[in-house]
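Numbering (the numbering used here), first residue to last: 737 to 1141.
Spelled out as structure tokens, the structure:
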């Protein structure tokens, strides 16, 4: 191997002086011209009272209604105390994140665009978590609202947030539960108000899945008309009175929703998710009592379930109506069943803080539904945390077997 001996040379003091001076001058110029890395709009704002996060999935046949609700939000717009943030995915184009600003143009979105997201899957719970993280990091607040806007089907089928251009993917109830637990970690506290502007979502099974990540749930047992919630009215109330608490806001959401549909069978309820444990325990006791009841014909239980208040999905019946009928039906012979049913009614009245109904089709609604299959059993039920706690699937499987006879 050949070795090369380098010649040493005395350092030139003038050369190094010029180098150091040039580096210092360059640093000064860059600091003056570039400055700190710019933050997203709103990041340096003082903490607001409320941040309202609306996961607006219009990537389906509800696209026109989603756009209409966006314009409804712009009638009010954000304030220094209330941040209104929307992630909107349209059937007509890619998803966009908006900071909603007051605007009177009903044909064009003029709110501040925060991010162009491209085509994303709004049926992926990870994208919901990412939206919540974005809102928390850039628009912190004392209280948070999360609204899921889209189709809903309770725990069955696609559950919630159907994305047509992503192979009709959707967020399942177990996925939603896990996503909101991650959101709780991001926010360092539960979401104050979880709203579901979607059909059939006010179920005990859904409420139980999100109980640890949110304080209140606002949802409907029945199908929700396409126009959905009245965003202009409840957001105007919040911006006008930003010091209101989550219960007050929930009641305004419910009242404004009902006022839109004076001629339709509609309902909406406010559920205290922090009070669910005793209610769930009592349903577990009812499960055990029905399964061990050798005095009452299974056909009686089927009849009670079938005559309870039901909804556009016949497999969903009103929990309060069902338990009342069990407690008062003389053909139910088990005292344990009657006692458990009475206890359910007691705790249900504490859990459902507010219940609005209109129309004969929903007149026996008490705020939360429960699964009682009429045509077929759905094995998705066994994936729910509520079922693991109550073994309700064993009851419906036992009764459904007799339904076939």
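Just so you know, even glycine gets a beta-carbon here, dropped at the ideal spot from N, CA and C.
- When C-beta atoms of the segment 971 to 980 are compared with those of the segment 803 to 820, three or more pairs fall below 8 Å, so the two segments count as touching.
- Going by beta carbons, residue 899 and residue 858 fall inside the 8 Å limit.
- The beta carbon of residue 1089 lies closer than 6 Å to those of 1006, 1008 in the same chain, with the five residues before and after it left out.
- With fewer than 16 other beta carbons inside 10 angstroms of its own, residue 979 counts as exposed.
- In the structure shown, residue 1032 adopts coil according to DSSP, grouped into three states.
- Scanning the segment 902 to 969 for uninterrupted alpha helix (DSSP H) segments of 4 residues or longer gives 909 to 923, 940 to 945, listed from N- to C-terminal end.
- For residue 1132, the uninterrupted alpha helix (DSSP H) run begins and ends at 1128 to 1139, by DSSP.
- Close CB contacts of residue 799 within its chain, under the 8 Å cut and outside five residues either way in sequence, are with 826, 827, 828 (chain order).
- The beta carbon of residue 989 is closer than 6 Å to those of 954, 970 in its chain, skipping five residues each way along the sequence.
- A buried status is given to residue 947, since no fewer than 16 other beta-carbon atoms sit within 10 Å of its beta-carbon.
- Distance from the CA atom of residue 794 to the CA atom of residue 1096, rounded to whole angstroms, is 31 Å.
- The criterion of a C-beta distance shorter than 8 Å is not satisfied by residue 1054 and residue 1023.
- A check of alpha carbon separations from residue 1030 across 1010, 1070, 994 identifies 1070 as the nearest.
- Burial state of residue 1108 is buried, judged by a 10 Å Cβ sphere holding 16 or more other Cβ atoms.
- Pairing residue 862 with residue 919, the inter-Cα distance amounts to about 10 Å.
- Here residue 936 has 888, 889, 890, 956, 957, 958, 959, 1047, 1048, 1049, 1052, 1105 as same chain residues with Cβ atoms under 8 Å from its own Cβ, once five neighbours each way along the sequence are excluded.
- Inclusion of residue 1073 and residue 1036 in the CB contact set at 8 Å is not warranted, their separation being larger than that value.
- The C-alpha of residue 940 is placed about 20 Å away from the C-alpha of residue 1075.
- For residue 1123, the closest of 886, 943, 1111 by C-alpha to C-alpha distance is 943.
- Judged by DSSP secondary structure, residue 893 falls outside any alpha helix (DSSP H); it is assigned neither H nor E.
- Taking the Cβ atoms as the reference, residue 832 lies roughly 17 Å from residue 868, outside the contact range of under 8 Å.
- When only Cα atoms are considered, residue 834 and residue 846 end up about 9 Å apart.
- Under DSSP, residue 818 shares a beta bridge with 786.
- Residue 822 sits close to residue 790, with the two beta carbons spaced by under 8 Å.
- Its chain contains 994, 997, 998, 1000, 1001, 1002, 1003 as the residues whose beta carbon lies nearer than 8 Å to that of residue 1094, once the 5 sequence neighbours on both sides are disregarded; these appear in chain order.
- The Cβ atoms of residue 1010 and residue 1091 lie no closer than 8 Å to each other.
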